[in-house]
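> Sharing a structure with you now.
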């Protein structure tokens, strides 16, 4: 196992005198060279890792080009999203439109329109595509009911969040490079997590430390994934994806190893997220503003406690 150092386009440093939010080194392994035990050790430690050959045998790496997908499945209707997905209002957590898959591919991958498809479950929608991937025998069994694909145009960003089900995720890049930023679960308060959600609204490219002072204490990992590489993300890890090229990705998932994250994932899905959606419909921007205030209060408590620990009275 070795490490990879990422040269990341578009990364923005903190203001002068402040340390960077990100470490660009992330462990990288090959199942063939390092063995399955190396991956299992990372999973036991809840340590993210890049795997070079997890998907080496997948026909998807050869077959999933826009022309082929459009020819095979272009008449399928798909739901599409834009940047308003996480913003308060009528489009919160909703798709904005539906269109034939061929039109989506043309507008996004060819024309660069900022539309996205994410959490598109090919097990239900296009089960034929399951023939183009394998489910590696790494120990825990992968879900065959939930195999999600993601499509995005160059320059689009999936904002900072963690997966609501608290599962273990193996995200493989099929087409295009993407920059990924990761933060451990225990940094949620420093990232100003909104209550009743799995989202943060801080700007990682231009962090405003006057507005978000606790963010100065956050430390993440930044890496660029190339086509064919797979990123293992443990339960609850925050991630932001930025498409350096128009691209396609796919995620396999397996349940968390421990009971605690599994229970939290069930609560998120069955209780917490529904409350958030209902409150957004009833109160709209007022609900969003309350969540923002609460996130600031929790982060301020963290920031003050750290200052007391270091003896900083300023």
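Numbering (our numbering), first residue to last: -9 to 304. The beta-carbon is built from N, C-alpha and C at its ideal position, and this holds for glycine as well. Every value quoted in this text rests on a predicted model; they were computed, and no experiment measured them.
1) From residue 94 to residue 51, what distance separates their C-alpha atoms?
2) Taking the straight line between their C-alpha atoms, what separation do you get for residue 113 and residue 138?
3) If you pair each beta-carbon of the region 190 to 207 with each one of the region 123 to 134, do three or more pairs fall below 8 Å?
4) How would you call residue 198, buried or exposed, if buried means at least 16 neighbouring beta carbons within 10 angstroms?
5) Which term fits residue 251, buried or exposed, when burial requires 16 or more other beta carbons within 10 angstroms of its beta carbon?
6) Can you give me the C-alpha to C-alpha distance between residue 38 and residue 265, rounded to a whole angstrom?
7) Relative to the C-alpha of residue 119, which residue among 70, 48 and 183 is closest?
8) Would you say residue 262 lies against chain D (beta-carbon separation less than 9 Å)?
9) Under the three-state reduction of DSSP, which class applies to residue 227: helix, strand or coil?
10) Can you give me the start and stop residues for the alpha helix (DSSP H) that residue 19 sits inside?
11) In its own chain, which residues sit with a C-beta less than 8 Å from the C-beta of residue 103, not counting the 5 before and 5 after it?
12) Going straight from the alpha carbon of residue 290 to that of residue 185, what length do you get?
13) Which two residues bound the contiguous beta strand (DSSP E) that contains residue 55?
14) Hey, how far is the Cα of residue 34 from the Cα of residue 176?
15) Should the region 237 to 257 be regarded as contacting the region 195 to 209, the criterion being three or more beta carbon pairs within less than 8 Å?
16) Can you tell which of 58, 57, 31 and 82 has the C-alpha that lies nearest to the C-alpha of residue 271?
17) Considering just the uninterrupted stretch of the beta strand (DSSP E) at residue 238, what are its terminal residues?
18) Under 6 Å Cβ to Cβ from residue 88, same chain only, skipping five residues before and after it: list those, please.
19) Under DSSP, the beta strand (DSSP E) around residue 210 begins and ends at which residues?
The structure says:
1) Looking at the two C-alpha atoms, the distance is approximately 20 Å.
2) Those two C-alpha atoms are separated by around 8 Å.
3) The region 190 to 207 makes no contact with the region 123 to 134; the number of CB pairs closer than 8 Å stays below 3.
4) So residue 198 counts as exposed.
5) Buried, by the Cβ-count rule.
6) Cα-Cα distance, rounded: 31 Å.
7) The option with the nearest alpha carbon to residue 119 is 48.
8) Checking the listed chains, one finds no chain D in this structure; it contains a single protein chain.
9) Three-state DSSP puts residue 227 in coil, outside helix and strand.
10) No alpha helix (DSSP H) contains residue 19, which is instead part of the beta strand (DSSP E) from 15 to 19.
11) Contacts found: 97 and 143.
12) Cα-Cα distance, rounded: 15 Å.
13) No beta strand (DSSP E) contains residue 55, which DSSP labels as neither H nor E.
14) Taking the CA atoms as reference points, residue 34 sits about 17 Å from residue 176.
15) They do not touch, by the three-pair rule.
16) The shortest C-alpha separation from residue 271 is found at 82.
17) That run of the beta strand (DSSP E) goes 237 to 244.
18) Correct list, in chain order: 67 and 69.
19) Note, residue 210: beta strand (DSSP E), 210 to 215.
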